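2 protein chains.
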Amino acid sequence: MSSQFRLAVDAMGGDLGPRSVVPACARFLIRYPRAALTLFGPRSELQSLLNSEPPSVRERVDVVDCVQVITQGCNPVHALRHKRESSMAKALRSVSTGECGAMVTSGNTGALLALGRSILGTVEGVRRPALGKSLPTSEGSCFLLDLGANIDCSAEDLVQFARMGVEAQRVFSGRQDLSVALLNIGAEEHKGTEEIRRAGQLLQSDPSIQYAGFVEGHDIFTGVVDVVVCNGLMGNVAMKSAEGVIRLIGQKTFTIDKKAPLKRYFGQLAINLLRKWRSQLEPARYNGASFLGLEGNVIKSHGGASSEAFYRAMLTAKECAESDLAHLVGRALAYQAQRQTGCD
Amino acid sequence: MSSQFRLAVDAMGGDLGPRSVVPACARFLIRYPRAALTLFGPRSELQSLLNSEPPSVRERVDVVDCVQVITQGCNPVHALRHKRESSMAKALRSVSTGECGAMVTSGNTGALLALGRSILGTVEGVRRPALGKSLPTSEGSCFLLDLGANIDCSAEDLVQFARMGVEAQRVFSGRQDLSVALLNIGAEEHKGTEEIRRAGQLLQSDPSIQYAGFVEGHDIFTGVVDVVVCNGLMGNVAMKSAEGVIRLIGQKTFTIDKKAPLKRYFGQLAINLLRKWRSQLEPARYNGASFLGLEGNVIKSHGGASSEAFYRAMLTAKECAESDLAHLVGRALAYQAQRQTGCD
Chain A
1 MSSQFRLAVD
11 AMGGDLGPRS
21 VVPACARFLI
31 RYPRAALTLF
41 GPRSELQSLL
51 NSEPPSVRER
61 VDVVDCVQVI
71 TQGCNPVHAL
81 RHKRESSMAK
91 ALRSVSTGEC
101 GAMVTSGNTG
111 ALLALGRSIL
121 GTVEGVRRPA
131 LGKSLPTSEG
141 SCFLLDLGAN
151 IDCSAEDLVQ
161 FARMGVEAQR
171 VFSGRQDLSV
181 ALLNIGAEEH
191 KGTEEIRRAG
201 QLLQSDPSIQ
211 YAGFVEGHDI
221 FTGVVDVVVC
231 NGLMGNVAMK
241 SAEGVIRLIG
251 QKTFTIDKKA
261 PLKRYFGQLA
271 INLLRKWRSQ
281 LEPARYNGAS
291 FLGLEGNVIK
301 SHGGASSEAF
311 YRAMLTAKEC
321 AESDLAHLVG
331 RALAYQAQRQ
341 TGCD
Chain B
1001 MSSQFRLAVD
1011 AMGGDLGPRS
1021 VVPACARFLI
1031 RYPRAALTLF
1041 GPRSELQSLL
1051 NSEPPSVRER
1061 VDVVDCVQVI
1071 TQGCNPVHAL
1081 RHKRESSMAK
1091 ALRSVSTGEC
1101 GAMVTSGNTG
1111 ALLALGRSIL
1121 GTVEGVRRPA
1131 LGKSLPTSEG
1141 SCFLLDLGAN
1151 IDCSAEDLVQ
1161 FARMGVEAQR
1171 VFSGRQDLSV
1181 ALLNIGAEEH
1191 KGTEEIRRAG
1201 QLLQSDPSIQ
1211 YAGFVEGHDI
1221 FTGVVDVVVC
1231 NGLMGNVAMK
1241 SAEGVIRLIG
1251 QKTFTIDKKA
1261 PLKRYFGQLA
1271 INLLRKWRSQ
1281 LEPARYNGAS
1291 FLGLEGNVIK
1301 SHGGASSEAF
1311 YRAMLTAKEC
1321 AESDLAHLVG
1331 RALAYQAQRQ
1341 TGCD
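The structure is reproduced here in structure tokens:
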């Protein structure tokens, strides 16, 4: 049985707000009897939702009253200046004080990055924190980063993402010996932007990284590599496009199902199996991206997260808290910094 | 019945070469009795493959002997300087002379762009030709460009891609009134790169374009817009990632199929339906991207194209040739240029 741990939950982030967050929290507390949660949001609203949950759940939830809320459209700079008392900011503070082992939010990514940097600080030597996630492959899983925290990235940023991604994927996959590739539009050396090509040269000459070269979008899902690194624009597009196709396939099965009676009969059998298969790729199942490079464990849930999806993000937060991923990333980068100083 | 037309086929481009190209050509000629083809490649090899095809096919195939071949790894500049007699270059020349209505190749994209610009030239006013493709959505189809011809794009380039994409999607969808969006990492105005935001402002203020704002990767497949515009890095990643997931789902159906006997029985029924559903999204089915902005119809097939996939690319080429898409794009941009001069 895992030891006692506490997570911070920003109840106000997503499109659905507490209505999806509170049921997810209840499910999480029932599943993990030694877990405790601190919820950040308007006390009255949260309490009324919590009242419909069993005592065994309520007694392990602390509510911290927050009136300030950060909207999805809120500009990061504005959040940094005027939203220091928001549910997101207070949840981050509870991680910086060590009261909570990790925080989960469906809130505005830009604001989360800005407030996270300001309240938690970044791991020593980290230029830019990155957002990453373990995605399903035919072999198991592949950790993709950055998913949208950094639009433009230098070669040095990408190399640092590679190191952080390896640490994260070790936690999520339970494996030690991991290969890393750069996302590009082709495998040939002359392909891609100046920064991608330069990152390739840096990784090639780094003995501490098992570099596998350039890969293309489809390779994220083939399992040929364990970690795929790219800037936030490419990573976000890769993940969202993949999710779009999965949803499209889901719709297709239902539209075609309703044709001839015989088709409908076999179709139903098919759909039952298909649902199961698809559920293995369902975006909700892979909800919960980790912010790497911050001095604390921060998990970003999808903005439109359902209760199921938010629960999945909480599972990711639990893994990060129990392994203290933020600490592992810090240690890995510190070791690297030493090694490089030693080489100079 | 469609009137007589001739397509140019570069038989040497893809990983499989003539072995996948010649059977696709035979199938195409049987399907279209008034079609004729000119094949570019080593005469002896092509003839020996053609000899196994019926006379009704052979009599409508001209072979142009080419010994020079452009490899997938070939640098575009090298191709431009030293591969003027390659099968790709000669096929492009047959389009520039008007002998063929369109050319199809599985060859090196960079070399195709470089040789296409040099041999066919670009439509007047076009800064950069773009590679685009009609992809399946829950509503019908969505035209995505650029798919990898241009890594870095200015706001003005993206606006031009929008115009060319609308013309292309009119041909492929048969619809006139089409909406256009920019691919980004969020719908909010402050999201994305400087160039994406600036392109948004330019499109917003352009009465000739039905601009729908920013969309994310998943929206390519939801049918909310008819044309999605982005730089070649984002477009390539979006398309390849989507293809990767479709393949992954394909594999999953087979791996799970082999478990319990009962599952295997129902699973088989499921798989038969699933195959059909999946085939509607199968990348091969959507093979064949159009180069827009060149003074001639050029269709790029996937490098690893099977015979089935190459056949699909030939169908795209037929549509482009019969509608003379290159001419339509030229006319649309010329009209736009006039309109702007008129405004000044």
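Going down the list, the protein sequences come from chains A and B.
Just so you know, we're using my numbering here: the first sequence kicks off at 1 and counts up by one.
Just so you know, we're using my numbering here: the second sequence kicks off at 1001 and counts up by one.
We treat Cβ as the ideally placed atom computed from N, Cα and C, and that holds for glycine.
If you're wondering where the values come from, they're calculated on a predicted model, not measured in any experiment.
Compare the C-beta of residue i against all C-beta atoms of chain A and say whether one is closer than 8 Å.
i         : result
B:ASN1150 : no
B:ARG1247 : yes
B:GLY1304 : no
B:GLU1188 : yes
Can you confirm whether residue i, when its beta carbon is compared against all beta carbons of chain B, has any partner nearer than 8 Å?
i        : result
A:HIS218 : yes
A:GLY350 : The structure shown does not extend to residue 350 of chain A, since chain A is modelled only from 1 to 344, so the question has no answer here.
A:TYR286 : no
A:HIS222 : Note on identity: in this sequence residue 222 of chain A is Thr, with His being the wrong assignment. Answer yes: the Cβ-Cβ gap between A:THR222 and chain B drops below 8 Å somewhere.
A:GLY107 : no
A:MET234 : yes
A:GLY244 : yes
A:LEU183 : yes
A:GLY237 : According to the sequence shown, residue 237 of chain A is Val rather than Gly. Yes, A:VAL237 lies at the interface with chain B (some Cβ there is under 8 Å from its Cβ).
A:LEU113 : no
A:ALA326 : no
For the beta strand (DSSP E) containing residue i, list its first residue and its last residue.
i        : result
A:THR38  : 35-41
A:VAL298 : 298-300
A:LYS9   : Before going further, note that residue 9 of chain A is Val rather than Lys in the sequence given. Unbroken beta strand (DSSP E) run through A:VAL9: 5-10.
A:LEU294 : It is not in any beta strand (DSSP E) - A:LEU294 carries neither H nor E in the DSSP assignment.
Closest Cβ-Cβ distance between residue i and chain D: below 8 Å?
i        : result
A:LYS240 : Considering every chain present, this structure includes no chain D. Its protein chains are A and B.
Just curious, the alpha helix (DSSP H) that residue i is in, first and last residue?
i         : result
B:VAL1180 : Here B:VAL1180 belongs to no alpha helix (DSSP H); instead the beta strand (DSSP E) covers 1179-1183.
A:LEU16   : It is not in any alpha helix (DSSP H) - A:LEU16 carries neither H nor E in the DSSP assignment.
B:PRO1076 : 1076-1082
A:SER173  : 155-173
A:SER323  : 307-323
A:ALA199  : 194-204
Would you grab the beta carbon distance between residue i and residue j for me? Rounded to a whole angstrom, and I think it's under 8 Å.
i         : j         : result
A:PHE40   : A:CYS66   : 5 Å
A:LEU131  : A:LYS300  : 6 Å
B:VAL1228 : B:ALA1181 : 5 Å
B:THR1193 : B:ALA1149 : So it is not a contact: roughly 18 Å between Cβ atoms.
B:ALA1309 : B:ALA1102 : 17 Å between Cβ atoms; not a contact.
B:MET1234 : A:LEU158  : Their Cβ separation, rounded to whole angstroms, is 17 Å, which puts B:MET1234 and A:LEU158 out of contact at 8 Å.
B:GLU1188 : A:LYS240  : Contact doesn't hold; Cβ gap of about 15 Å is too wide.
A:GLY116  : A:LEU92   : 6 Å
A:GLY13   : A:THR105  : 4 Å
A:ASP226  : A:PHE143  : 7 Å
B:LEU1315 : B:GLU1167 : With 8 Å as the limit, B:LEU1315 and B:GLU1167 do not qualify as a contact, their Cβ atoms being about 19 Å apart.
A:LEU145  : A:LEU292  : 7 Å
Practice task
Note down, in chain order, all residues in the stretch 117-138 of chain A with a beta-carbon under 8 Å from any beta-carbon belonging to chain B.
Solution key: Residues of the stretch 117-138 of chain A whose Cβ lies closer than 8 Å to any Cβ of chain B, in chain order: PRO136, THR137 and SER138.
Handout entry: Every unbroken alpha helix (DSSP H) inside the stretch 214-257 of chain A [4 residues or more]
Key = Counting whole runs of 4 or more residues, the stretch 214-257 of chain A contains the alpha helix (DSSP H) stretches 232-257.
Handout entry: Residues in the stretch 1145-1175 of chain B having any Cβ partner in chain A nearer than 8 Å
Key = For chain A, the residues of the stretch 1145-1175 of chain B that bring a beta carbon within less than 8 Å of one of its beta carbons are GLY1148, ILE1151 and ASP1152, in chain order.
Practice task
May I ask you to list, following chain order, the residues of the stretch 56-84 of chain A that have a beta carbon less than 8 Å from some beta carbon of chain B?
Solution key: Residues passing the 8 Å Cβ filter: GLN72, GLY73 and ASN75.
Exercise for the section: Just list the beta strand (DSSP E) runs in the stretch 42-111 of chain A, keeping only unbroken ones of 3 residues or longer that don't cross its boundaries, in chain order. Expected result: Scanning the stretch 42-111 of chain A from its first residue to its last, the whole beta strand (DSSP E) runs of 3-plus residues come out as 61-65 and 102-105.
Exercise for the section: Could you tell me which uninterrupted alpha helix (DSSP H) segments, each at least 4 residues in length, are contained entirely in the stretch 1127-1152 of chain B, listed from first to last along the chain? Expected result: Taken in chain order, the complete alpha helix (DSSP H) segments of 4 or more residues contained in the stretch 1127-1152 of chain B number zero; there are none.
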